[in-house]
Amino acid sequence: MPDPGLEPLQAQDLALIALGHVGQEWPQKLDHVLTGPMDLLRPALLHPMFHGSFDWHSCVHAHWLLARLLKLFPDLPAAPAIRARFDAAFTAENTAAERAYLARPSARGFERPYGWAWLLKLHAELVGTPWHAVLAPLAADFAARFRDHLPRADYPIRAGVHGNTAFALLLAADWAEAQDPALLALLQDTAWRWYGADTDCQAWEPSGEDFLSPALVEAACMARLLGPARFGPWRDAFLPRLAARQPASLFTPARVSDRQDGRIVHLDGLNLSRAWCLRRLLATLPEGDPRTEVLRAAAEAHLAASLPHLEDSYMGAHWLASFALLALEN
Numbered sequence: 266m267p268d269p270g271l272e273p274l275q276a277q278d279l280a281l282i283a284l285g286h287v288g289q290e291w292p293q294k295l296d297h298v299l300t301g302p303m304d305l306l307r308p309a310l311l312h313p314m315f316h317g318s319f320d321w322h323s324c325v326h327a328h329w330l331l332a333r334l335l336k337l338f339p340d341l342p343a344a345p346a347i348r349a350r351f352d353a354a355f356t357a358e359n360t361a362a363e364r365a366y367l368a369r370p371s372a373r374g375f376e377r378p379y380g381w382a383w384l385l386k387l388h389a390e391l392v393g394t395p396w397h398a399v400l401a402p403l404a405a406d407f408a409a410r411f412r413d414h415l416p417r418a419d420y421p422i423r424a425g426v427h428g429n430t431a432f433a434l435l436l437a438a439d440w441a442e443a444q445d446p447a448l449l450a451l452l453q454d455t456a457w458r459w460y461g462a463d464t465d466c467q468a469w470e471p472s473g474e475d476f477l478s479p480a481l482v483e484a485a486c487m488a489r490l491l492g493p494a495r496f497g498p499w500r501d502a503f504l505p506r507l508a509a510r511q512p513a514s515l516f517t518p519a520r521v522s523d524r525q526d527g528r529i530v531h532l533d534g535l536n537l538s539r540a541w542c543l544r545r546l547l548a549t550l551p552e553g554d555p556r557t558e559v560l561r562a563a564a565e566a567h568l569a570a571s572l573p574h575l576e577d578s579y580m581g582a583h584w585l586a587s588f589a590l591l592a593l594e595n
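Just so it is clear: in the sequence shown, position 20 is 285 by the working numbering, and no numbers are missing.
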C-alpha cells in the first residue's frame, strides 16, 4: 500500500468541511464561568472571532486547517472563501474582544492548555499574511500564559483528551521557534523535566473518550523538542519493543461504536492523531531500520480506520478534519 499523503482534491474536501462550520454558532459548548447575570451572553458576543465549530478550540483549529491549506494550495477552489472568512474574522475589533475575554479574572484557566497551543499554531501558520499582525496581540497573550504557567506546573497531564500537556508543548513549539526563543527553551526544559525519565512505556490505552494517545503524543513531543542525539536514546528506552509491535495497544486502531456520541467519536480522532504521531516517529528512524515498516503499517491502518468518517456526524465533523490534515501532511 503506498504511503498516504495530501492531494489537492482531498485538500479541497477538508477545506469545505471546515468552511461549513467555522461560522456556525449553534450548537455551542462554552468554556465559560458565569460571575453574574451580565455574563449571560450569546457565543458570538463572547467570542466574535471564534464562536463557530461547536466550541472555541475547535473553531481555532478549523481556522488553522484553512490557513494551512491556503499556504499549501493557494489556488485551491476554496481559497477565495477562505480569504473572505479570514478577512471577516481576523479584525482588530475581534482581536480586542477575544483579549478582553481572556483578561477576565474568571478566565484564568480558559482553554488551558489545548486552546492555548492551537491559537499559537494558528498564528504561526499566518506568517506572511495580512492576518498575522492582526492576531499577534492575542498570540502574545497566550504565549505569556505559557511562560507564567509552565514553571508552576510541577506535573504533566497524561490524559488522552484536552488537558494533555505533551500535545500542548508539541503544538506551541512551532510558534515559539519562530517568535520567542526563550519560550522554546522553556518548552524544551519542561518536556525534559516532565518526561525525560520515562522508560518502558506500557500504554494503558485507549480510554473510552481519548482523541490522543498519551504514549505516542509524548514520544512525538520529545521528537520535536529534543535534538536527534538526545531523542534517539530516549525513544529507544521509552518504546523499546517497537520492532515487535509492542505495546500492542498502540498498533490496534480503536473501534468507534457510536459516531453520533460526541465523546465516543473522540476515538476517530485518536486513530488520526496516532497516525500523525506514528509518522513523526517514523521520520526519526535511520534508513533500513526494521521498525520503519512496522510504524508505517500501523499509521496506514489507523488512517484507514477513521479517514472515511470525517463527516458522519456533526459531533465529529466540527473537528476531525484538522486531525486528518495533521496525519496526511506529515
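Note that CB positions come from ideal geometry on N, CA and C, so glycine has one too.
Since the structure is predicted, the reported quantities are computational estimates derived from the model, not experimental observations.
Taking 8 Å as the cut-off, the Cβ atoms of Arg-377 and His-414 count as close. No residue range can be given for Asn-429, since it is assigned to no alpha helix (DSSP H) and is classified by DSSP as neither H nor E. Less than 8 Å separates the beta-carbon of Phe-355 from that of Trp-396. Looking only at Phe-407, Asp-340, Leu-311, Pro-416, the smallest Cα-Cα distance to Tyr-366 is reached by Leu-311. Within the segment 457-505, the complete alpha helix (DSSP H) segments at least 4 residues long are 479-490, 493-503, listed from N- to C-terminus. Taking all protein chains in view, the Cβ of Lys-386 is crowded by 16 or more other Cβ atoms within 10 Å, so the residue is classified as buried. Take the alpha-carbon of Pro-421 and the one of Leu-435: they are about 13 Å apart. Cβ contact annotation for Thr-360 (same chain, cutoff 8 Å, sequence separation greater than five): Met-314, Val-399, Leu-400, Pro-402, Leu-403, in chain order. Collapsing the DSSP output to three states places Glu-558 in a helix. Remark: C-beta atoms of Trp-383 and His-322 approach each other more closely than 8 Å.
By a beta-carbon distance limit of 8 Å, Ser-514 contacts Ala-468. Their separation comes to about 5 Å. Note on the segment 344-371: whole alpha helix (DSSP H) runs with a minimum of 4 residues are 344-354, 357-367, in chain order. With a 10 Å radius around the Cβ and a threshold of 16 neighbouring Cβ atoms, Asp-475 comes out buried.
With a contact defined as Cβ atoms closer than 8 Å, Val-482 and Ala-431 qualify at about 5 Å. Contact between the segment 549-557 and the segment 514-524 is absent, with fewer than three C-beta pairs closer than 8 Å.
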